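Peer 1: Under my numbering, the first residue of the sequence shown carries the number 20, and numbering increases by one thereafter.
Glycine included, every Cβ here is placed at the ideal spot set by N, Cα and C.
Treat the numbers as computed from the prediction; the structure is a model and nothing was measured.
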Amino acid sequence: TGELHGFGYMTGYAGSPTMTYHVLDKTGALIRSDEFAAPYPAMVHDFVITQDYVLFPIFPLTFDMARAAKIGSPYAFDAAQSTQIGVLKRGAPVADIRWIEGPLCFVFHYLNAWNDRDQITVDTIEFAVAPNFPLADGTLPSYADAQGKLVRWHINLKNGVVRQEPVLDVASEFPRMDERHAGNRHRHGYIAAASTRQRGDKGLFHEITHIDLDSGSTRTWDAGVGNGVSEPVFVPARGGAAEGVGWLLATVYKHDAKSSDLVVLNAEAVNDGPVATIRLDHRIPFGFHGSWRPN
């Protein structure tokens with residue numbers, strides 16, 4: 020469709036449950052902008068669409084200004100609340116959003132989602148709690164709970180049940196895919212991973228992993244423990260290339276040299292290592308996301 024979908028949270032005021040949903044058409048014109056109420060005020064970092072649905076997962080990383088005076092942060096992961104997933108048929112009014120209880124966890128980023136009639140599949144990086152944020156009592160999450168793992172959700176719209184299926188038991192984040200297949204069934208995913216996770220590594224990911232979600236097989240390139248890889252960005256080899264045929268772009272922060280490289284990996288043979296390395300003359304501050312736009 021060429022559409023761009025977006026959302027906002029706490030759009031009324033800080034601590035408001037108000038959210039907004041926006042759609043731009045392929046010309047960049049705003050064709051809808053609607054306001055609705057989430058079940059409770061929370062940080063909502065990401066959302067996901069399928070061919071037929073828009074999903075607004077709300078996790079209990081709640082906001083309360085009164086809490087800030089007690090524990091030093093208005094945000095906290097409150098396990099007394101439940102995860103709620105708002106499901107909206109694409110094109111339907113926001114008054115039709117159906118709220119389904121989801122797994123008690125936290126998610127920053129989704130890989131992709133698709134639906135087969137009334138079955139929705141979501142691939143996501145799931146945390147037991149919200150990392151880098153306190154719990155409701157002011158304590159910090161355990162080290163183990165602060166590690167994200169790739170999980171597949173199976174959402175049954177008939178009975179409102181969400182089933183979790185572990186996919187990859189490796190500390191992971193920043194999932195990406197061949198975005199030509201966004202909202203449709205996909206086979207290939209790419210993540211920043213850390214099979215060797217050390218308490219002193221400041222949460223850096225030292226590996227880029229390709230996972231074949233049909234076979235479950237993985238291929239990994241290791242940039243070296245202590246170094247930090249960015250989100251792997253997929254670039255199709257050509258316009259009509261099959262899914263997964265192309266390149267991955269990522270920056271690599273080299274801890275010892277205090278410098279950064281841009282690496283190019285063959286998306287079909289990630290484990291072979293970079294086919295090209297661009298050595299940058301300055302350090303790239305470690306960030307979160309990147310994108311590729313052809314000329």
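#1: Considering Cα atoms alone, identify which of R204, F146, T69 is closest to D188.
#2: Whose C-beta lies closer than 8 Å to the C-beta of G324 among residues of the same chain, with five residues either side of it excluded?
#3: May I ask which residues mark the beginning and end of the alpha helix (DSSP H) holding I90?
#4: With C-beta atoms as the reference, is Y94 less than 8 Å away from V73?
#5: Can you check DSSP and say which residues form a bridge with E120?
#6: Could you tell me the alpha carbon to alpha carbon distance between A212 and V244, rounded to whole angstroms?
#7: Go ahead and pull the three-state DSSP assignment for E145.
#8: Work out the CA separation of L159 and A87 for me, nearest whole Å.
#9: Are A98 and L80 close, meaning C-beta to C-beta below 8 Å?
#10: Taking the continuous beta strand (DSSP E) assigned at Q183, which residues delimit it?
#11: Exposed or buried, which one is V126 when buried takes at least 16 other CB atoms within 10 Å?
#12: Under 7 Å Cβ to Cβ from R195, same chain only, skipping five residues before and after it: list those, please.
#13: Given Q103, which residues of its chain have a CB within under 6 Å of its CB, disregarding the five upstream and five downstream residues?
#14: What residue does the beta strand (DSSP E) around K177 start on, and which one ends it?
#15: Looking at the secondary structure, which residues open and close the beta strand (DSSP E) in which I210 lies?
#16: If you follow the beta strand (DSSP E) that H128 is in, where does it begin and where does it stop?
#17: Rounded to the nearest angstrom, how far is the Cβ of R257 from that of N290, given a contact under 8 Å?
#18: Looking only at its own chain, which residues have a Cβ that is under 6 Å from the Cβ of H64, when we skip the five neighbours before and after it?
#19: Starting from the Cα of V106, find the closest Cα among L49, T143, P60, I139 and give me that residue.
#20: Looking only at C-alpha atoms, which of Q70, E54, S52, G34 sits nearest to G21?
#21: Might you give, ordered along the chain, the residues of its own chain that have their beta carbon closer than 6 Å to the beta carbon of L43, omitting 5 neighbours on each side?
Peer 2: On the basis of the data shown:
#1: F146
#2: The question about residue 324 has no answer, for the chain in this structure spans 20 to 314.
#3: 84-90
#4: no
#5: Q103
#6: 11 Å
#7: strand
#8: 15 Å
#9: no
#10: 180-187
#11: buried
#12: Y209, E250, P251, V252, F253
#13: P58, I77, W118
#14: Segment: none, K177 is in no beta strand (DSSP E) and carries neither H nor E.
#15: 207-213
#16: 125-135
#17: About 23 Å; that fails the 8 Å criterion.
#18: F127
#19: I139
#20: Q70
#21: L23, L49
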